[in-house]
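Single-structure report; data block below.
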Amino acid sequence: AQTVTQSQPEMSVQEAETVTLSCTYDTSESDYYLFWYKQPPSRQMILVIRQEAYKQQNATENRFSVNFQKAAKSFSLKISDSQLGDAAMYFCAYRSSTSGTYKYIFGTGTRLKVLA
Amino acid sequence: GAVVSQHPSWVICKSGTSVKIECRSLDFQATTMFWYRQFPKQSLMLMATSNEGSKATYEQGVEKDKFLINHASLTLSTLTVTSAHPEDSSFYICSARGGHHQPQHFGDGTRLSIL
């Protein structure tokens, strides 16, 4: 069975600085998807970035980028030029590409605090 | 695009009543919808997967008769918490997925409080 681990329950970053949130996963599959979702205090889950495992190039979305290391089964999220609005819970998620269920396996989350 | 609407956002009701939560995909057809439960400061726990026109697939430990799921159309799924009790109080979130390669898009969640 697949598992997703987020080893940092809480992280802090100074406004305008860069922070990296870690995520590791375990799977025997070769094709899958990985996601980072943000859950602000409003509690809506917002998709931040996604990565297809067959793509070697790391995904980027404006200030958000990932470091995808397939062999190491690592999928970290880098937030550059951190803003106060980035403060939220961040969840890493895995989705099989072949199982047919399309369900996510979520990590336990990392709470990011942004300091003014 | 890819907006999911969940209603109501907050409901308070007496123990023993049934509560229905709606999840709608507003601008896409959702072949699959998911229902999650989230306890304070915890991750999302998948309750069930719902495919349009077929019975929902429940995760282990989730009572089918307690949490009734209906996915009658490609844009609407409902979760009914039957005979709700205080231990059912929680935050319930739905999500919807369009095509095979599409991510899940989440609703705003429903805070359910049972007195």
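Heads up: the protein sequence lines correspond to chains W and S, in order. In case it helps, the working numbering puts the first sequence at residues 10 to 125. In case it helps, the working numbering puts the second sequence at residues 22 to 136. Backbone N, C-alpha and C fix where the C-beta goes; we use that ideal spot for every residue, glycine too.
An exposed status is given to S/K35, since fewer than 16 other beta-carbon atoms sit within 10 Å of its beta-carbon. At a cut-off of 8 Å, the C-beta of S/S111 has no neighbouring C-beta in chain W.
Counting C-beta pairs with one atom in each stretch, the segment 76-89 of chain S and the segment 122-129 of chain S have fewer than three that are closer than 8 Å, which means they do not touch.
Taking C-beta atoms under 8 Å as the contact rule, W/Y34 and W/R104 fail to qualify, at a distance of about 11 Å. Look at the beta carbons and you see the segment 25-44 of chain S not touching the segment 71-90 of chain W: under three pairs across the two are nearer than 8 Å. Rounded to whole angstroms, S/D129 and S/T38 show a C-alpha spacing of 23 Å. The bridge partners DSSP lists for W/K122 are W/S21.
Listed along chain W, the residues sitting closer than 7 Å to S/P124 by beta-carbon distance are F44, L56, R59. Distance from the CA atom of S/G120 to the CA atom of S/F112, rounded to whole angstroms, is 27 Å. Closest in C-alpha terms to W/T117, from the list S/F49, S/V102, S/S64, S/F60, comes S/S64.
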